[in-house]
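The structure under discussion appears below in the form of structure tokens.
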Amino acid sequence: MSPVDRAWLLMERRTNPMMVVALIVLRRRLTITALRRIVTERFLPYERFRYRPVNDYVSASWVRDEDWDLTALVHRVGLPAPAGQAELEELASELASAPLPPTRPMWSFHLVENYQRGSAVLIRIHHCYADGIALVRVMFSLTDQAASLGAVPPADADSGKRDESGGGWFDSIDALYQPFSGLIERGLHLMLHPTEAAAAARGTAEIATELGNLATLSADPATRLKGVLSASKRVAWVEPLPLLEVRTLAKVLGCTINDVLMSTLAGAIGRYLEDCGEESEGLTIRAAVPVNLRRPGASVTALGNQFGLAFVDLPIGVRHPIQRLYAMHDAMAKVRKSQQPLVSFGLLAALGCMPSPLEERAVEALSAKATAVVSNLPGPQQELSMASAPISQLLFWVPQSGSIGIGVSILSYADHVQFGVIADSNLVPRPGELAAHFAQEFERLMLITLLGAPPPTR
């Protein structure tokens, strides 16, 4: 197991199970026989899912599970009447709170046969198997359109016995330390190529500066969203936003789609705090945002974790929606220019080489610098199906680490943007209230833009 994958394995806590939870909503009923066939034919070709992680004091490995029992990993459940969103949220919350047993491969499927007029599938996968980008690709491989999406596992799909980077920024974790190997040869080369030497020096200086900035980053402000965690998670989601409206707003206001969505999230958090009687005006909190470190256009066929983290300012205390959007745009532009994701990837690799007690202390220190984890992933814009049943909704909930108790997920699918929230019940007992503000804040931004109200001075 690579050091980075081990780092995510070690972050498992009773208060923060380190697993991604995904939901697939189907318009028609799906049988347990059909789901188990799909898992066998489309999920298990990713060889790593036949293995379980085993950790020792300073390393971890993948051990093949010889006592294979698909019925212990793919379950059938029913919802109480009226079998609507509230009942499904309750079931998803229970599953999100329950750690995956380490004595078998750390994933599971739960088929909800009677959700509304169709079915739903809840999927849990431990983060040590793969990151969000790879796991979304795994979700797509379960669909009837897997081949057209390029989501079919290759014949030599990722094995639990080896670590593959999948063509990322680093061919392996060792590449992170390549500047320290072959120093004499490298030094002679740079002496003969001064332009390249200057670029290398600038890159090293930028990384050193970023490492210092990350180390000295202050703890996030104290709000009701930071506090003692329980072992209970609550999940929620709202109706998706039309992607065309989000794209149009971004174009009109000279920002990116991601800027619009992150700004809307910041407004929703600020409004939620105010509803709870907590003043948020002028307040900025941070979100830990995963950043994909694969090369642009690289094929995502191997599992594993190939991302860094960026600590992004969320201007939750800026009242005016357009002014908040511009503040968010500036914060995102700053992140795009920084080396923080690369530096954090190196830190994750270092955490994965530490004994567990040291890793726990380091994770607590890092997690104090953010209030939430926010993950934004792209999906296909055509409607997909599973066993000929059309998929009406796709969403996921991102895990949190250390003392962070809130996770926000944004996923585009079928020309819509789906927004989901997972939170510790001690911090946000009713996450549906926070999720509802997301749509409301987007509508506010849309209305002000349509009315032609002049934006505040940037």
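The sequence shown begins at 192 in the numbering used here and counts up one residue at a time. Positions of the beta carbon are idealized from the N, C-alpha and C atoms, including for glycine. As the structure is a computational prediction, the values presented were derived from the model and not from experiment.
Between the CA atoms of residue j and residue i - distance to the nearest angstrom
i, j, result
"G351", "S566", "In this prediction, G351 has a pLDDT of 49, which is less than 50 and means its spatial position is unreliable; what the coordinates show is noted afterwards. So the alpha carbons of these two residues sit roughly 26 Å apart."
"R228", "S421", "37 Å"
"P431", "P546", "43 Å"
"L464", "Y237", "43 Å"
"L291", "I314", "11 Å"
"D450", "D256", "44 Å"
"G537", "C544", "11 Å"
"V265", "T640", "47 Å"
"Q336", "A580", "12 Å"
"V612", "I316", "17 Å"
"V429", "F610", "6 Å"
"R486", "L638", "38 Å"
"L602", "V608", "6 Å"
"R239", "L575", "25 Å"
"S193", "V254", "14 Å"
"T562", "M523", "17 Å"
"T400", "L261", "49 Å"
"E550", "R220", "45 Å"
"A541", "V195", "8 Å"
"V312", "P433", "24 Å"
"E203", "W298", "14 Å"
"A283", "L516", "32 Å"
"L585", "G445", "29 Å"
"A392", "F587", "Unreliable positioning characterises A392 in this predicted model, as indicated by a pLDDT of 47, which lies under 50. The coordinate reading is nonetheless provided below. Straight-line Cα distance between these residues: approximately 41 Å."
"R438", "N483", "22 Å"
Cβ-based burial, residue i [other Cβ within 10 Å; buried from 16]
i, result
"W259", "exposed"
"E555", "exposed"
"V303", "buried"
"S409", "exposed"
"A213", "buried"
"K424", "buried"
"A427", "buried"
"A342", "buried"
"D411", "buried"
"S339", "exposed"
"R308", "exposed"
"V443", "exposed"
"V249", "exposed"
Residue i Cβ short of 7 Å to the ligand HEM heavy atom set
i, result
"A277", "For the structure depicted, the ligand HEM is absent and the ligand set is empty, with no information on it obtainable."
Beta-bridge partners of residue i, as assigned by DSSP
i, result
"M577", "A580"
"Y214", "A small fix is needed here, since residue 214 is Leu in this sequence, not Tyr. DSSP output for L214 lists L313, L586 as bridge partner(s)."
"N483", "F498"
"N207", "Beta-bridge pairing links N207 to no other residue."
"N246", "A251"
"A563", "A478"
"W298", "I316"
"S603", "V608"
"D256", "Beta-bridge pairing links D256 to no other residue."
"I460", "DSSP, once it has assigned bridges, lists no residue as partnering I460."
"Y306", "G309"
"V327", "Bridge partners of V327: none, in fact."
"W428", "G611"
"L505", "I476"
"V195", "In the DSSP output, where bridge partners are listed per residue, V195 has none listed."
"V265", "F300"
"P433", "H607"
"I155", "Given that the chain is displayed from residue 192 to residue 649, the structure contains no residue 155 and the question cannot be resolved."
"L568", "L602"
"A337", "Beta-bridge pairing links A337 to no other residue."
Rounded Cβ spacing between residue i and residue j (contact assumed at less than 8 Å)
i, j, result
"V503", "V534", "Not really, about 15 Å apart at Cβ, beyond 8 Å."
"Q530", "A501", "Not really, about 10 Å apart at Cβ, beyond 8 Å."
"L200", "A272", "40 Å between Cβ atoms; not a contact."
"R295", "I223", "With 8 Å as the limit, R295 and I223 do not qualify as a contact, their Cβ atoms being about 19 Å apart."
"M577", "T334", "5 Å"
"L286", "I582", "That pair is no contact at about 19 Å."
"L435", "D606", "7 Å"
"R510", "E472", "7 Å"
"P512", "R635", "5 Å"
"L270", "Y306", "6 Å"
"T475", "L452", "The Cβ separation is near 18 Å, so there is no contact."
"M519", "S454", "4 Å"
"V564", "G598", "5 Å"
"L625", "G596", "Between G596 and L625 the Cβ distance is about 12 Å, and since that is not below 8 Å, they are no contact."
"V211", "H318", "6 Å"
Any C-beta of chain C under 8 Å from that of residue i
i, result
"S284", "The chain inventory of the structure shown lacks chain C, comprising one protein chain alone."
**Study point:** Segment contact flag, the segment 455-469 with the segment 623-642, C-beta cutoff 8 Å, min 3 pairs
**Key:** They touch, by the three-pair rule.
Point to revise | Segment contact, 8 Å Cβ cut-off, at least three pairs: the segment 324-338 with the segment 483-503 | key: yes
**Study point:** Validate contact between the segment 272-288 and the segment 239-247 using beta carbons, cut 8 Å, 3 pairs
**Key:** no
**Study point:** the segment 471-482 / the segment 555-564 touching (three or more Cβ pairs under 8 Å)
**Key:** yes
**Study point:** Cβ pair count under 8 Å reaching 3, the segment 585-596 against the segment 201-211
**Key:** yes
Review point. When the Cβ atoms of the segment 567-575 are set against those of the segment 412-421, are three or more pairs found closer than 8 Å?
Key: no
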